[in-house]
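Chemist: Going by the numbering used here, the sequence shown opens with residue 1, and the numbers climb by one from there.
What follows is a single structure, and I will ask about it in a moment.
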Amino acid sequence: MIFALCKECRKATRLARAVLSTVLVFGVSGTVVVLGAESANAATCVSAGTTGLTAAVVATSNLTGSTVNATGCDVGIYVPPGTSGITITGVNVFGANDHGIFVQNASGITISNSTVQANGVNPTTGILENKAIQLVGSSNSKVTGNTVTGNYADGGISVTDDGPIDPGAPLPGSLSQANNDLVSNNTVNSNYKGYAVVFAAYNASAGVSGGTVSSNTLTGTKTIGPHGPVIGGVVISTNRPGTTVSSMTLNGNSISDQGVSGIILDSNGTGSTMSGVTVTSNTLSGNDWLPSYGPPRSAAIVVEATPVGPSSGPVLKDVTITGNTISGSFYGIWINGATSVVTSPNTITTTPGGVAVYTVAAPGAGYWVCTADGGVFTFGQSRFFGSMGGHGLAARVVGMVPTPDQGGYWLVGADGGVFTFGDAGFYGSMAQVRLAAQIVGIAPTPDGHGYWLVGADGGVFTFGDAGFYGSMYQYRHTAAITCIARVGFAAAA
Numbered sequence: 001m002i003f004a005l006c007k008e009c010r011k012a013t014r015l016a017r018a019v020l021s022t023v024l025v026f027g028v029s030g031t032v033v034v035l036g037a038e039s040a041n042a043a044t045c046v047s048a049g050t051t052g053l054t055a056a057v058v059a060t061s062n063l064t065g066s067t068v069n070a071t072g073c074d075v076g077i078y079v080p081p082g083t084s085g086i087t088i089t090g091v092n093v094f095g096a097n098d099h100g101i102f103v104q105n106a107s108g109i110t111i112s113n114s115t116v117q118a119n120g121v122n123p124t125t126g127i128l129e130n131k132a133i134q135l136v137g138s139s140n141s142k143v144t145g146n147t148v149t150g151n152y153a154d155g156g157i158s159v160t161d162d163g164p165i166d167p168g169a170p171l172p173g174s175l176s177q178a179n180n181d182l183v184s185n186n187t188v189n190s191n192y193k194g195y196a197v198v199f200a201a202y203n204a205s206a207g208v209s210g211g212t213v214s215s216n217t218l219t220g221t222k223t224i225g226p227h228g229p230v231i232g233g234v235v236i237s238t239n240r241p242g243t244t245v246s247s248m249t250l251n252g253n254s255i256s257d258q259g260v261s262g263i264i265l266d267s268n269g270t271g272s273t274m275s276g277v278t279v280t281s282n283t284l285s286g287n288d289w290l291p292s293y294g295p296p297r298s299a300a301i302v303v304e305a306t307p308v309g310p311s312s313g314p315v316l317k318d319v320t321i322t323g324n325t326i327s328g329s330f331y332g333i334w335i336n337g338a339t340s341v342v343t344s345p346n347t348i349t350t351t352p353g354g355v356a357v358y359t360v361a362a363p364g365a366g367y368w369v370c371t372a373d374g375g376v377f378t379f380g381q382s383r384f385f386g387s388m389g390g391h392g393l394a395a396r397v398v399g400m401v402p403t404p405d406q407g408g409y410w411l412v413g414a415d416g417g418v419f420t421f422g423d424a425g426f427y428g429s430m431a432q433v434r435l436a437a438q439i440v441g442i443a444p445t446p447d448g449h450g451y452w453l454v455g456a457d458g459g460v461f462t463f464g465d466a467g468f469y470g471s472m473y474q475y476r477h478t479a480a481i482t483c484i485a486r487v488g489f490a491a492a493a
């Protein structure tokens, strides 16, 4: 699935160190600890358990109203394994190399009414989930009423299991599920290079269950700044083979202008299972504006069991998506490979030509036939999205290819004209160019954001994200070129 983000993007530019004109003081268990007594200095970093990271604060009891300058440390506040029932509230955490707050294998932790900002300034190699607030293997915990903004490594808030893969640290942890955790009433914006809120399973014998994402406000900006894009989105995922996610609730969130789809349910590990997810009463608008992520056209909600092989595919089932208000995307709800998905009622307003609810047909379940005058005929589960029949074309149609999710197709004329239908995007044509030979074929790129045209003389023309790798134009060949095909296969997106 192409929702996976490039980890090299995490090599963020270091922030200039803040010059401290006052002594920063915070309290842990009634003890006063002095940080940054000298200009431009911060905490004395200590070991964050066995994670391989360092921390400015190791919290095993309540922490209230503190300012934590974590400059030089990997973590601002670390809550170690076995900690139970503590509250971190009203704190301001900034300057950490990685996480602002990192909770590992703890229970009953509350992180509330705090500001976590400007962390992730020098990310550690080998961390899979480098969010500003990171919970791994923790249960019955709450992240509520916080402002998470301007973090640089990998987005906003993440809840995962722990084990041989500790997603929040470079070293492995101890096997521990993430159960009944709540992420609610947070404001999450302007966090770079990663998703806004994540619940994900990484360990086959652990998993995630009973999580809730409710009443959060996620806002994005449709720009790519000096630190990269604000990816955003709420993602529920099985990220490794044999992992499980179950009984999740996403309710009452406001999600707008995210780079990817507003809500993504993605079961993508071999033999993994996601089940029992309820998505209700959310408001989504203007999401999925980054063209390199997700389906061929923008989608507000994506529900996908990413195929990984002929007989080992992941399972995604028993999903209820109701009572949501969706606008500003080509697809309201886009479904691939999932079963038992309820998608009504919802209020969905798509962009022009869009589809409120689209389900990708099973591979090989049908086909299209086109004619020289641009007519299109459908068979099996293939869908009709329009044709050029009866339009009096300047040249005959010589090729047709579907989009990766089979939600549209391109027709190409011998004169290089390209015609788009359904979710096929237009990236240019050769219709206004004088050609040395007629066009004879078209091939789409794997993500559907571009295509190649080929001429009978072997000339290759690229559009969108199609790369140029050479042509037969300069070579003498004994017969005319008649077709072009791409390398590789993208199952749906």
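The beta carbon of each residue, even a glycine, is placed where N, CA and C say it ideally should be.
Just verifying my parser: in three-state terms, what is the DSSP assignment at residue 405?
Modeler: Coil at residue 405, not helix or strand.
Chemist: Which residue's Cα is closest to the Cα of residue 419: 273, 442 and 224?
Modeler: The residue with the shortest Cα to Cα distance from residue 419 is 442.
Chemist: Across the stretch 278 to 295 and the stretch 320 to 337, are there enough close Cβ pairs to call them in contact, namely three or more that are closer than 8 Å?
Modeler: Enough Cβ pairs lie closer than 8 Å, so yes.
Chemist: Measuring alpha carbon to alpha carbon, tell me which of 209, 152, 248 and 160 ends up nearest residue 226.
Modeler: Out of 209, 152, 248 and 160, 152 has the C-alpha closest to the C-alpha of residue 226.
Chemist: Suppose you measure from the CA of residue 139 to the CA of residue 181; what does that come to, to the nearest Å?
Modeler: Distance between the alpha carbons of residue 139 and residue 181: 6 Å.
Chemist: Which residue from 45, 384, 375 and 421 puts its Cα closest to that of residue 366?
Modeler: Ranking 45, 384, 375 and 421 by Cα distance to residue 366 puts 384 first.
Chemist: Starting from the Cα of residue 414, find the closest Cα among 402, 422 and 393 and give me that residue.
Modeler: The candidate whose alpha carbon is nearest that of residue 414 is 393.
Chemist: Among residues of its own chain, excluding the 5 on either side of residue 433, which ones have a beta-carbon nearer than 8 Å to its beta-carbon?
Modeler: Counting only Cβ-Cβ distances below 8 Å, and skipping sequence neighbours, we find 416.
Chemist: Touching or not, the stretch 110 to 121 and the stretch 82 to 98, by the rule of three or more beta carbon pairs under 8 Å?
Modeler: Result yes; three or more Cβ-Cβ pairs closer than 8 Å.
Chemist: Tell me which same chain residues have a C-beta within less than 7 Å of the C-beta of residue 46, skipping the five on either side of it?
Modeler: Once the five neighbours on either side are set aside, the close Cβ partners of residue 46 are 54, 55 and 58.
Chemist: Would you please state the rounded distance, in angstroms, between the beta carbons of residue 51 and residue 171? I believe it to be under 8 Å.
Modeler: That pair is a contact at about 6 Å.
Chemist: Do residue 230 and residue 190 have their C-beta atoms within less than 7 Å of each other?
Modeler: In this structure, residue 190 lies closer than 7 Å to residue 230 by Cβ.
Chemist: State the Cα-Cα distance for the pair residue 215 and residue 436, rounded to the nearest angstrom.
Modeler: Straight-line Cα distance between these residues: approximately 60 Å.
Chemist: Quick check for students: name the residue ranges of the beta strand (DSSP E) that lie wholly in the stretch 358 to 438, counting only runs of 3 or more.
Modeler: Runs found: 366 to 370, 376 to 380, 397 to 402, 408 to 413 and 418 to 422.
Chemist: Could you tell me whether the Cβ atoms of residue 192 and residue 228 are closer together than 7 Å?
Modeler: In contact: residue 192 and residue 228 (Cβ atoms closer than 7 Å).
Chemist: Can you tell me which of the three DSSP states residue 475 falls into?
Modeler: Of the three classes helix, strand and coil, the one that applies to residue 475 here is coil, per DSSP.
Chemist: Count the other CB atoms within 10 Å of the CB of residue 132; is the residue buried (16 or more) or exposed (fewer)?
Modeler: With 16 or more other Cβ atoms within 10 Å, it is buried.
Chemist: How many whole angstroms separate the CB atoms of residue 531 and residue 121, which I take to be in contact at a CB cut-off of 8 Å?
Modeler: Because the chain is modelled from 1 through 493, residue 531 falls outside the range shown and cannot be assessed.
Chemist: Among the residues of its own chain, which have a CB less than 6 Å from the CB of residue 249, if the five just before and after it don't count?
Modeler: Excluding residues within five positions, the ones whose Cβ falls inside 6 Å are 212 and 278.
Chemist: Would the beta-carbon of residue 144 fall within 7 Å of that of residue 200?
Modeler: No, the pair does not count as a contact, with Cβ atoms beyond the cut-off.
Chemist: Looking at the unbroken beta strand (DSSP E) that takes in residue 84, where does it start and where does it end?
Modeler: Careful: residue 84 lies outside any beta strand (DSSP E) and carries neither H nor E.
Chemist: Roughly how many whole angstroms lie between the Cα atoms of residue 254 and residue 237?
Modeler: About 20 Å.
Chemist: Assign residue 202 to one of three DSSP states: helix, strand, or coil.
Modeler: In the structure shown, residue 202 sits in coil (DSSP, three-state: anything other than H, G, I, E or B).
Chemist: Within 10 angstroms of the Cβ of residue 369, are there 16 or more other Cβ atoms? Answer buried if so, exposed if not.
Modeler: Exposed is the call here.
Chemist: What did DSSP end up calling residue 445 once you bin it into helix, strand or coil?
Modeler: Looking at residue 445 - three-state DSSP - the assignment turns out to be coil, as it is neither helix nor strand.
Chemist: When the distance is taken between beta carbons, is residue 104 closer than 7 Å to residue 136?
Modeler: In this structure, residue 104 lies closer than 7 Å to residue 136 by Cβ.
Chemist: Determine the direct distance from the alpha carbon of residue 209 to that of residue 84, and round the result to whole angstroms.
Modeler: Whole-angstrom Cα-Cα distance: 19 Å.
Chemist: Are at least three pairs of beta-carbons, each pair with one atom in the stretch 446 to 459 and one in the stretch 473 to 487, less than 8 Å apart?
Modeler: As far as the Cβ criterion goes, the stretch 446 to 459 touches the stretch 473 to 487, which means the pair count is three or higher.
Chemist: Please report the residue range of the beta strand (DSSP E) in which residue 255 lies.
Modeler: That run of the beta strand (DSSP E) goes 254 to 256.
Chemist: Three Cβ pairs or more, each shorter than 8 Å: is that satisfied between the stretch 388 to 405 and the stretch 287 to 304?
Modeler: Judged by Cβ distances under 8 Å, the stretch 388 to 405 makes contact with the stretch 287 to 304, as three or more pairs qualify.
Chemist: What do you get for residue 351, buried or exposed, if any count of 16 or more other CB atoms within 10 angstroms of its CB means buried?
Modeler: The residue in question, residue 351, is exposed, as its Cβ has fewer than 16 Cβ neighbours within 10 Å.
Chemist: For the beta strand (DSSP E) containing residue 304, name the first residue and the last one.
Modeler: Counting along the chain, the beta strand (DSSP E) containing residue 304 begins and ends at 299 to 305.
Chemist: Locate the beta strand (DSSP E) running through residue 266, then write down its first and last residues.
Modeler: Start and end: 263 to 267.
Chemist: Between which two residues does the beta strand (DSSP E) harbouring residue 69 extend?
Modeler: Looking at the DSSP string, the run of the beta strand (DSSP E) that includes residue 69 is 67 to 69.
Chemist: Which residue's Cα is closest to the Cα of residue 340: 359, 348 and 183?
Modeler: Closest option to residue 340, Cα to Cα, is 359.
Chemist: For residue 78, count neighbouring C-beta atoms within 10 Å of its own C-beta (all shown protein chains included) and say buried if the count is 16 or more, exposed if not.
Modeler: Flag for residue 78 reads buried.
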